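Single-structure report; data block below.
Residue numbers (the numbering used here): 3 to 391.
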């Protein structure tokens, strides 16, 4: 009995300590926004995950990952959790696109995701009103603008889907490559409408797409659950990828999980995809391409003798040389420089070498770069800690 009381006291102590530690800290945030869609004639909710310190880091922009089929909340939660575990210092806004059921009007997930067939009669499928065209209008013309207008986003957008939503996101990448940087398609249906998506993928002129894309396609044991047609469509795409050089400029990955079923494959497939996605992101930095602007950078340091240097993704920022662009001392703790720059900006502050990288009010303690997609005249930062102190 004494040991049980001791255990309870210890657990209570942990709860109190944990509560006191986390209370008042900024944490990741989840918003739920309702959209009255004119294209779907329905009211839809979307989920928006913003990373830790999003509001405090008010200059920083973030890439966006859209997770389809997020009416299954576990899929959405897996993605934003995996991104934090796997992607290291890189943080994302994650948006959950839901396809809920409306029994009163006989409208369900498949209505959102199935396009109207063009090669076979509609009667061959278990969906009476394929509505993917209007669902795309809802996503493209209502959800995307809302996110870009409400949140600080970059121009890098990624899509994740499972089953028919995987088919949907893969279709949108190959038809609108200018809108997206990559997709993760977990167990897509490539056989629908007489291999329509498989054929569209094979017919895509990947060599004409200007920037490199991340394309991940996985399959589970669908042969046993969905039959030979499903697998043959996948094999067509697999053969094309393995025997053509059309996709060389892109990161295209195939992964098979014969011991997983159509649902259980999501977790291992997502984990593998995100680990490779991390490498893709690291190898595809932001390219400054906007109009040039005169921007003044002001940095408040910690000690009177502290120097401050800026280094980043363009020549005026030193092209990632940590000792090339030094700020001028304007007061005891203030450092300043005015530079002509192009957006997007990606940069860090140092004291002249990488060991002394600064953690500022716009960075986190894992060393994430500061990414800014637009600012008018001034960027003000406060050094909170130097890495070597």
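The C-beta atom is built at its ideal place from N, Cα and C for all residues, glycine as well.
These figures come from a predicted structure and were not determined experimentally.
Whole-angstrom distance between residue j and residue i, CA atom to CA atom
i           : j           : result
residue 72  : residue 64  : 20 Å
residue 389 : residue 361 : 7 Å
residue 175 : residue 159 : 10 Å
residue 133 : residue 109 : 10 Å
residue 350 : residue 308 : 16 Å
residue 80  : residue 265 : 13 Å
residue 249 : residue 172 : 15 Å
residue 293 : residue 314 : 17 Å
residue 153 : residue 325 : 33 Å
residue 355 : residue 303 : 16 Å
residue 53  : residue 252 : 28 Å
residue 368 : residue 232 : 43 Å
residue 104 : residue 74  : 15 Å
residue 149 : residue 106 : 30 Å
residue 256 : residue 163 : 15 Å
residue 24  : residue 55  : The predicted position of residue 24 is uncertain, since its pLDDT is 36 and thus under 50; no value can be drawn from it.
residue 165 : residue 334 : 60 Å
residue 144 : residue 285 : 31 Å
residue 287 : residue 371 : 11 Å
residue 167 : residue 267 : 15 Å
residue 78  : residue 236 : 25 Å
residue 119 : residue 34  : 33 Å
residue 227 : residue 260 : 12 Å
residue 298 : residue 194 : 55 Å
Closest residue to residue i among the options (Cα-Cα distance)
i           : options               : result
residue 61  : 312, 211, 365 and 387 : 365
residue 196 : 260, 230 and 163      : 230
residue 112 : 370, 228 and 170      : 170
residue 180 : 157, 34 and 292       : 157
residue 262 : 284, 225, 238 and 290 : 225
residue 254 : 209, 145, 268 and 270 : 209
residue 347 : 258, 149, 391 and 380 : 380
residue 207 : 178, 228, 280 and 186 : 178
residue 66  : 123, 281 and 151      : 151
residue 258 : 32, 375, 219 and 289  : 219
residue 68  : 87, 98, 86 and 89     : 98
residue 290 : 212, 383, 376 and 59  : 376
residue 198 : 122, 100 and 222      : 122
residue 306 : 282, 331 and 59       : 331
residue 58  : 387, 391 and 383      : 383
residue 221 : 186, 212 and 247      : 186
residue 471 : 228, 298 and 101      : Nothing can be reported for residue 471: it is not among the residues displayed for the chain, which extend from 3 to 391.
residue 269 : 387, 76 and 48        : 76
Residue i - partner residues in DSSP beta bridges
i           : result
residue 314 : 349
residue 187 : 163 and 219
residue 31  : 52
residue 340 : 298
residue 360 : 388
residue 36  : 47
Contact under 8 Å by Cβ, residue i with residue j
i           : j           : result
residue 234 : residue 183 : no
residue 340 : residue 311 : no
residue 188 : residue 115 : no
residue 51  : residue 30  : yes
residue 316 : residue 296 : no
residue 338 : residue 300 : yes
residue 70  : residue 192 : no
Cβ-heavy atom distance, residue i to the ligand FMN, below 7 Å
i           : result
residue 255 : Ligands in the displayed structure: none, and consequently the ligand FMN is not present.
- Message: Under 8 Å, with one C-beta from each stretch per pair, do the stretch 238-253 and the stretch 197-205 reach the 3-pair mark?
- Response: Short answer: they touch.
- Query: For the stretch 127-139 against the stretch 39-48, are there 3 or more C-beta pairs whose distance is under 8 Å?
  - Reply: Yes: at least three Cβ pairs fall under 8 Å.
- Taking 8 Å as the threshold, find out whether the stretch 259-278 comes into contact with the stretch 311-330 through three or more Cβ pairs. Under the Cβ criterion (8 Å, minimum of three pairs), the stretch 259-278 does not count as touching the stretch 311-330.
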